[in-house]
Each structure stands twice: as C-alpha cells, then as structure tokens.
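A short worksheet on the structure shown next.
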Amino acid sequence: VHALNKKETVQALIGTKNYEPKNSASSFAPVNIALVKYWGKRNSELNLPVTSSLSLSLPLGTHTSLKAHSKDLLFLNGKQVDLQTSFAKKLFDFVDLFRDKKTTLFIETKNDIPTGAGLASSASGFAALTLALNDFFSLQLSPKELSILARLGSGSASRSLFSGFVQWHKGVRDDGLDSYAEPLDARWDDLSIGLWIISDKTKPIDSRQAMQNTVESSPLYKAWPDTVSHDLSVMKEAIKTHNFSLLGRTAEQNALTMHATMLAAYPSIVYFLPESIEAMQKIWQLRKDGLEVYFTMDAGPNIKLLFLEKDRKTLESQLPNLHTHSNSIP
Ligand code: DP6
Numbered sequence: 050v051h052a053l054n055k056k057e058t059v060q061a062l063i064g065t066k067n068y069e070p071k072n073s074a075s076s077f078a079p080v081n082i083a084l085v086k087y088w089g090k091r092n093s094e095l096n097l098p099v100t101s102s103l104s105l106s107l108p109l110g111t112h113t114s115l116k117a118h119s120k121d122l123l124f125l126n127g128k129q130v131d132l133q134t135s136f137a138k139k140l141f142d143f144v145d146l147f148r149d150k151k152t153t154l155f156i157e158t159k160n161d162i163p164t165g166a167g168l169a170s171s172a173s174g175f176a177a178l179t180l181a182l183n184d185f186f187s188l189q190l191s192p193k194e195l196s197i198l199a200r201l202g203s204g205s206a207s208r209s210l211f212s213g214f215v216q217w218h219k220g221v222r223d224d225g226l227d228s229y230a231e232p233l234d235a236r237w238d239d240l241s242i243g244l245w246i247i248s249d250k251t252k253p254i255d256s257r258q259a260m261q262n263t264v265e266s267s268p269l270y271k272a273w274p275d276t277v278s279h280d281l282s283v284m285k286e287a288i289k290t291h292n293f294s295l296l297g298r299t300a301e302q303n304a305l306t307m308h309a310t311m312l313a314a315y316p317s318i319v320y321f322l323p324e325s326i327e328a329m330q331k332i333w334q335l336r337k338d339g340l341e342v343y344f345t346m347d348a349g350p351n352i353k354l355l356f357l358e359k360d361r362k363t364l365e366s367q368l369p370n371l372h373t374h375s376n377s378i379p
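Numbering (the numbering used here), first residue to last: 50 to 379.
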C-alpha cells in the first residue's frame, strides 16, 4: 500500500458513490478532551499519528450548517469571515475535497466555546463539517469512514465524531485507511469535566507546527511512544473498573509528559502562562487537602479538570472561574 494524498483518500472512500447535493444540511460534533494525548505525526499530509490516543467528549461542541448558495460565504459565531483568512482557507480546502466547482455553499458554524483557545474547537469543527458534508451530499458513510475523513482536517477531529470515551487507533498503513477512532463500550456517569479558562487569546504557535518541531528537535520525544502505550492500557483499565484515582493520575502525568517533550524542543515550546502554573499548584494543594481533582492541558494555556460529580459544588466554590460539565454519554 502506498501513501495517498487527501484527495485520493476522499476518492477511495466516496469515489464510487453516486452523490446528489441537497439544499441544506446541519450537524453537531462534540469537543473532546484527550486523556492520553496525540502528539506527533508519521505523515503530516494525512495527519497520521505516531501513537494511538484516547479522549472523552463533552456535551459542548460545534454546530455547522451548509446551504446551497450562488457563491461561497462563511459565518463563524454569527460574524462573516473573509474568505482570504487562513481559517476560511483551511475550511474551504477541506470542502473542496468533497465538491465539484459548481457547488457553492453558505456555511454557518458556531462554537459553544472560544475558537483558538486550546480547547480543541478545530476538532469539533472538522468533525461537524464532515458530518454536514456527508448529509449534504447524501454520502451515507459509516462512522469509521467519517472518522478517517475528519482526520484529514485535523487529527483530533477523528475522535470528535463520537460521544463518551473514544479511542483513535493509530493504524499502520501508509494510506491511513486503518487510522480512525471509535467509541469505547463504557460509560461513567459521575465523571465530570471542568474548563478553567485562563486566556482565550489565540495561542502563540499552532499545535501542527509545535508537534512537528517537537518530533524533529526534542531529545525527549523518543520516550513518547512507550509512554503512550503504557498510559493507554492503564487508562482503559481505569475506565473499565471506574478507578478514578488511576484515571486522573494517568491523564495528568500523560499531559505533563507531553509538555515535557515540548519544553525540550528547540526552540522550546511553552504553552503555560504564569496563571496556568498557579492553577496547577492550586489543584495539587486541593488534592493534598483531600479533594480528588486532576488536570490535563493541551496546546494552550487553559486547564481542564477531571473530578467526580459529588465534588462539583465544593470545586465550584473553590475555583470561581470554573465551568463544569458532565461528560457526553447520553
Ligand atoms: C494537544 O488535532 O489540533 O490537543 O492534526 O495538526 O490538526 P492537527 O493537530 P490537532 O492536535 C491536538 C493535540 C492535542 C492532543 C490531543 O487532542 O490528543
């Protein structure tokens, strides 16, 4: 099997389908928080990862609608977006993989949380767009095929097609047709997530570039694949047995190990703000005082907390900026 480009991947999945555009379609996809992170690619055109990863979806996410229109137009959170911006270009480059030249679209997309704040809105964004395109062109793709296609937009989008706990299998094929996410058969109703928004400013370096610099220059990256395979098996055991301490500890350590690989890159990649470090210290103090709460962090300054529903009220009173959510398993 040889490597395909994006267009060839889409062709491989929808090429034989006889698709008819509808007048309109709309969709929702959830934000996902990785408990065992995706960091580093073996193919950057297709977003094929070095390792598998595991996430938990939130009830928040992206809502996207597509309408047939006389020309392309894009609205984000109610505001029109210039088609020359990099945001619009990325989005329409993805749409172009699915359409012929004569199909122009009015696209409206809304995020329940701030765009570009390291809260994975590109993941829910590309997942929602993939679902909307599937509906608009009546493609009737399977969840696995949808996950493969969303991955072409952003790696973590492959996981945002599903609610609850989700594992993205890294796959080994050069064409990526075995690199897709699927939900775990598990639920955990009192496991909750808190978003501690430290800053909603756009991050200094996007995760795509940061990942590449880490793989190329960090001497610690060598240790990452083994860390992930260990953490994945521990995490799955913690989920199966509802062992919250094990889940929290594993997620927190996995996130900090990912950041350690970035700190050791050259030039060094630091997503922490002073307030992020203060937040971590506050969480460690709360834990010392007997409140079981853990954190994870992605390519941005914000902190995501993991805790049990019974501690929600106490946590909210301790941390006034916290937005708490149940997980998304219906
Ligand atoms: C730190 O999926 O945004 O959030 O594939 O280049 O679009 P691209 O990267 P992206 O990276 C997410 C990295 C992370 C960890 C994770 O979500 O697993």
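Note that the Cβ used here is the ideal one computed from N, Cα and C, for glycine as well. Just so you know, these numbers come straight off a predicted model, no measurement behind them.
{"Asked": "Between the beta-carbon of H374 and the beta-carbon of L146, is there less than 7 angstroms?", "Found": "no"}
{"Asked": "Do you know offhand how far S282's Cα is from A117's?", "Found": "46 angstroms"}
{"Asked": "Just to confirm the assignment, what range does the beta strand (DSSP E) spanning N96 have?", "Found": "Premise fails: N96 is in no beta strand (DSSP E) and is neither H nor E."}
{"Asked": "Could you please go through the chain and list the residues whose beta-carbon is closer than 5 angstroms to any non-hydrogen atom of ligand 1?", "Found": "A83, K86, Y87, N96, S102, S203, G204, S205, S256, R257, D347 and A348"}
{"Asked": "What do you get for E94, buried or exposed, if any count of 16 or more other CB atoms within 10 angstroms of its CB means buried?", "Found": "exposed"}
{"Asked": "Does the beta carbon of L84 sit closer than 7 angstroms to a beta carbon anywhere in chain D?", "Found": "Looking at the structure shown, chain D is missing, and only one protein chain is on hand."}
{"Asked": "Between the alpha carbons of E365 and E327, how many angstroms are there, rounded?", "Found": "17 angstroms"}
{"Asked": "Grab me the residues of N183's own chain with a C-beta within less than 7 angstroms of its C-beta, minus the 5 sequence neighbours each way, in chain order.", "Found": "L190 and L195"}
{"Asked": "Might you give, ordered along the chain, the residues of its own chain that have their beta carbon closer than 7 angstroms to the beta carbon of D161, omitting 5 neighbours on each side?", "Found": "L109 and G110"}
{"Asked": "Looking at the structure shown, is G165 part of a helix, part of a strand, or coil, going by DSSP?", "Found": "Residue placement at G165 is poorly supported in this model, since its pLDDT is 49, which falls under 50; the coordinates still yield a value, given next. Here G165 sits in coil by DSSP."}
{"Asked": "K120 to T134, Cα distance in whole Å?", "Found": "17 angstroms"}
{"Asked": "Does the region 255 to 274 come close enough to the region 314 to 324 that 3 or more CB-CB pairs lie under 8 angstroms?", "Found": "yes"}
{"Asked": "Tell me which residues share the same chain as A83 and place their Cβ nearer than 6 angstroms to its Cβ, disregarding the 5 neighbours each side in the sequence.", "Found": "S102 and S104"}
{"Asked": "Does the separation of the CB atoms of S209 and A172 fall below 7 angstroms?", "Found": "yes"}
{"Asked": "Starting from the N-terminal side, write out each stretch of the beta strand (DSSP E) that is 3 residues or longer and does not extend beyond the region 98 to 183.", "Found": "102 to 117, 122 to 125 and 154 to 160"}
{"Asked": "Measure the beta-carbon distance from P79 to S212 and round it to whole angstroms, keeping in mind my assumption that it falls under 8 angstroms.", "Found": "6 angstroms"}
{"Asked": "Determine the contact status of D223 and H51, defining contact as a CB-CB distance below 7 angstroms.", "Found": "yes"}
{"Asked": "According to the Cβ coordinates, are T299 and M311 closer than 7 angstroms?", "Found": "no"}
{"Asked": "Taking just the CA atoms, how far does L357 sit from A206?", "Found": "26 angstroms"}
{"Asked": "From what residue to what residue does the beta strand (DSSP E) around I352 run?", "Found": "I352 to L357"}
{"Asked": "Can you tell which of G339, I288, Q334 and A272 has its C-alpha closest to the C-alpha of A309?", "Found": "A272"}
{"Asked": "Which residue or residues does DSSP assign as beta-bridge partners of E231?", "Found": "Q216"}
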